[in-house]
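Reading through the structure tokens given below for one structure.
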Amino acid sequence: MSFHNNKVEIEQFKFETPENSRNTGEVISMDDQEPTQVAEIIYDCLEPGNLIWLNSIFHIDTTEEVTVNYKILKNKDEIYSSITELDSDDEIGQIFSQQTVDMITKLEKDVTYKVVCDTNTPMVNLSGPINFTDTRFVEDKKFF
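In terms of numbering that gives the first Met the number 0, the sequence shown has 109 at position 110, counting the first letter as 1, and numbering is strictly consecutive.
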């Protein structure tokens with residue numbers, strides 16, 4: 000698919016951050032099967048040809064050596080993942096940033112994108128600011 004010489008509509012959508020994750024110092028899960036939800040974005044409908052650019056930033060507070068697994072999920076499927084290992088010399092308030100693009104190939108309804116994380120160390124705290132934004136690029140959208 001090429002966007003060369005095509006009209007492209009860019010839409011910005013609001014995002015929802017779970018109430019228990021708003022800079023409260025919530026302890027991050029140590030269970031990779033039940034990770035901590037950092038933020039989510041919900042779409043009612045995505046159409047073939049849409050490109051969804053997701054960009055997430057969050058922080059943690061720790062002075063321990065720690066491994067943090069963080070992912071972006073589309074519904075329950077992983078579309079981005081990364082692992083970061085911090086040693087005790089890293090600064091408190093480590094920033095985690097992730098970006099990915101989801102290319103939509105078929106009509107999809109009720110799509111939820113989530114940022115989740117887990118760790119191998121007890122008492123690692125999620126911290127703000129938390130930011131999860133997306134941009135939808137729509138190919139060949141007619142403008143009037």
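From the three backbone atoms N, C-alpha and C, an ideal C-beta is built for every residue, glycine too.
- Just checking my contact of threonine 61 with asparagine 119 at CB under 8 Å: how many whole Å lie between their CB atoms? Counting from one through the sequence shown, the residue named residue 61 turns up at place 62. Counting from one through the sequence shown, the residue named residue 119 turns up at place 120. Contact doesn't hold; Cβ gap of about 11 Å is too wide.
- What did DSSP end up calling arginine 45 once you bin it into helix, strand or coil? Position 46 of the sequence shown, counted from the start, is the residue given in the question as residue 45. The question names arginine, yet the displayed sequence has leucine at residue 45. Here leucine 45 sits in strand by DSSP.
- Given 8 Å, three or more beta-carbon pairs between the stretch 28-35 and the stretch 93-105: No contact exists between the stretch 28-35 and the stretch 93-105.
- Where DSSP assigns a beta bridge to valine 65, which residues make up the other side? Within the sequence shown, numbered from 1, the residue matching residue 65 stands at position 66. According to DSSP, valine 65 shares a beta bridge with Leu85.
- Query: If threonine 82 sits next to isoleucine 71, beta carbons under 8 Å apart, how far is it from one beta carbon to the other, in whole angstroms?
  - Reply: Locating residue 82 in the sequence shown gives position 83, where the first residue counts as 1. Locating residue 71 in the sequence shown gives position 72, where the first residue counts as 1. Checking the sequence shown, residue 82 turns out to be isoleucine, not threonine. So it is not a contact: roughly 14 Å between Cβ atoms.
- Message: According to DSSP, valine 123 sits in a beta bridge with which residue or residues?
- Response: Indexing the sequence shown from 1 puts residue 123 at position 124. DSSP lists no partner for valine 123.
- Message: Using DSSP's beta-bridge definition, name the partner residues of methionine 102.
- Response: Looking up residue 102 in the sequence shown gives position 103. Methionine 102 pairs with Leu50.
- For serine 28, which of helix, strand or coil comes out of DSSP? For the purposes of this step, residue 28 is taken as the residue at position 29 of the sequence shown. DSSP places serine 28 in coil when its eight states are reduced to three.
- Task: Check the DSSP bridge columns for aspartate 109 and list the partner residues they point to.
- Result: Along the sequence shown, read from residue 1 onward, the residue named residue 109 stands at position 110. Beta-bridge pairing links aspartate 109 to no other residue.
- Task: Assign glutamate 63 to one of two classes, buried (16 or more other C-beta atoms within 10 Å of its C-beta) or exposed (fewer than that).
- Result: Translated into the one-based positions of the sequence shown, residue 63 becomes position 64. Exposed is the call here.
- Alpha carbon to alpha carbon, how far is phenylalanine 95 from lysine 75? Here residue 95 is taken as the residue at index 96 of the sequence shown, counted from 1. Here residue 75 is taken as the residue at index 76 of the sequence shown, counted from 1. Rounded to whole angstroms, phenylalanine 95 and lysine 75 show a C-alpha spacing of 21 Å.
- Item | Status (buried if at least 16 other CB within 10 Å, exposed otherwise) for leucine 151 | The chain is shown only over 0 to 143; residue 151 falls outside these bounds and no answer can be derived.
- Query: Would leucine 53 pass as a contact of aspartate 133 if the rule is Cβ separation under 9 Å?
  - Reply: Reading the sequence shown from its first residue, position 54 is the one you call residue 53. Reading the sequence shown from its first residue, position 134 is the one you call residue 133. Cβ atoms of leucine 53 and aspartate 133: closer than 9 Å.
- Query: Any idea if valine 26 is buried or exposed, counting beta-carbon neighbours within 10 angstroms, 16 or more meaning buried?
  - Reply: For the purposes of this step, residue 26 is taken as the residue at position 27 of the sequence shown. With fewer than 16 Cβ atoms within 10 Å of its Cβ, valine 26 is classed as exposed.
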